[in-house]
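Engineer: This is the structure I want to talk about, given as structure tokens.
In the working numbering, the protein residues as written are 1 to 199.
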């Protein structure tokens, strides 16, 4: 396995500067940037995970959510033991009941994408890929990481695109929670209303 932050020179020797800055300053800046990127992606994944958990617990407990002992037992006995992947699988079962097929497919795709990105950021080291001009002068260093079976350049446009995708995933997860809670509240209110004696 490659060591975190390694530069793959591909047999070439470093030139010492990138964009007029010493190589060690550039790599130090990249390390800090990657730390922030990882933190942001993990925070987004955690936000989605919390909403998936909320939709699961509301769906399976329904009106019993009001009983804190039941809620705690469900949380300790089931939810805490679920990996992110299993939580996604369970939440998709719930989502199939509340989303139309197009929205469901979109949600499923976004969750799969987030899972692979989260796993890459949490478990895979990044390394630095140098770019050279035609004369062999070092012109840039790009951080890359393995995501699934592909290698991805962690460029600013790529990260901005991923952040937009994470925001969409958070929005869809929130829609699911709202739909599940509204359904449960509707059932609860229906039970409280007096029944029509003529039916």
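Where is the CB? At the ideal position from N, CA and C, for every residue including glycine.
Where does residue 124 sit, in a helix, a strand or coil, going by DSSP?
Structural biologist: Correct three-state label for residue 124: coil.
Engineer: Leaving out five residues before and five after residue 59 in sequence, what residues of the same chain have Cβ atoms less than 7 Å from its Cβ?
Structural biologist: Contacts found: 94 and 180.
Engineer: Given a threshold of 16 other Cβ atoms within 10 Å of its Cβ, counted over all protein chains shown, does residue 207 qualify as buried or as exposed?
Structural biologist: Here the chain covers residues 1 to 199 and nothing more, so residue 207 does not appear.
Engineer: Flag this pair as touching only if the stretch 27-38 and the stretch 117-129 have three or more C-beta atom pairs under 8 Å; answer yes or no.
Structural biologist: Because the criterion of three Cβ pairs below 8 Å is met, the stretch 27-38 and the stretch 117-129 touch.
Engineer: What residues in its chain sit with their C-beta under 8 Å from that of residue 170, if we drop five residues either side in the sequence?
Structural biologist: Once the five neighbours on either side are set aside, the close Cβ partners of residue 170 are 44, 47, 48 and 51.
Engineer: For the stretch 162-177 against the stretch 95-103, do three or more pairs of beta-carbon atoms, one drawn from each stretch, fall closer than 8 Å, so that the two count as touching?
Structural biologist: Result yes; three or more Cβ-Cβ pairs closer than 8 Å.
Engineer: Rounding to the nearest angstrom, what Cα-Cα distance links residue 105 and residue 168 in this structure?
Structural biologist: Whole-angstrom Cα-Cα distance: 14 Å.
Engineer: Taking the CB atoms as reference points, tell me whether residue 166 and residue 41 lie closer together than 9 Å.
Structural biologist: The answer is yes: Cβ separation under 9 Å.
Engineer: How far does the beta strand (DSSP E) with residue 138 in it extend, from its first residue to its last?
Structural biologist: Start and end: 138-147.
Engineer: How many Å lie between residue 87 and residue 153 at the Cα?
Structural biologist: The alpha-carbon atoms of residue 87 and residue 153 are separated by roughly 28 Å.
Engineer: Which residues mark the beginning and the end of the alpha helix (DSSP H) in which residue 41 is found?
Structural biologist: Here the alpha helix (DSSP H) through residue 41 covers 23-61.
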